[in-house]
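J.: Numbering (the numbering used here), first residue to last: 15 to 153.
Got a structure for you, written out below as structure tokens; questions coming shortly.
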């Protein structure tokens, strides 16, 4: 199998996904704690330019502790992480989260997160792991 080709995307440059005739489609699996969730959304929306509805696709994973207001926001705007394999993404970013217990396999979100890891490993979907997601992926 030939290695995947990387086409860099610069701010303000051409963001067309090579061979797909559309803009780069970025998935964000946002597990950030409640106070940082919307800030993280806005940062990635700005990064994408947010010119079209499909530029940034938000995902959540079951088991991340949420207060009622943020839980309602996630329920309204986010897709379940199980939809990542069919989302036709060009790249995925997985954020970290806060945990009280450092034993990650014991976390309520672990199963869903491992399913995402299995998908990106099997398909080669370009993925950026941030903070805790990096540690979790390496387990």
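Using N, Cα and C, we set each Cβ at its ideal position, and we do this for glycine too.
Tell me the rounded alpha-carbon separation between residue 39 and residue 110.
T.: Distance between the alpha carbons of residue 39 and residue 110: 21 Å.
J.: Please classify residue 39: does DSSP put it in a helix, a strand, or coil?
T.: Three-state DSSP puts residue 39 in coil, outside helix and strand.
J.: Going by DSSP, what residue range makes up the alpha helix (DSSP H) through residue 134?
T.: That run of the alpha helix (DSSP H) goes 124 to 137.
J.: In angstroms, rounded to a whole number, what distance separates the CA positions of residue 60 and residue 145?
T.: Distance between the alpha carbons of residue 60 and residue 145 is about 21 Å.
J.: If you draw a straight line from the alpha carbon of residue 91 to that of residue 107, how long is it in whole angstroms?
T.: Residue 91 and residue 107: Cα-Cα distance of roughly 17 Å.
J.: With a cut-off of 8 Å, do at least 3 Cβ pairs link the stretch 91 to 101 to the stretch 38 to 56?
T.: Segments in contact, yes.
J.: Kindly identify the DSSP beta-bridge partner or partners of residue 108.
T.: Per DSSP, 43 and 143.
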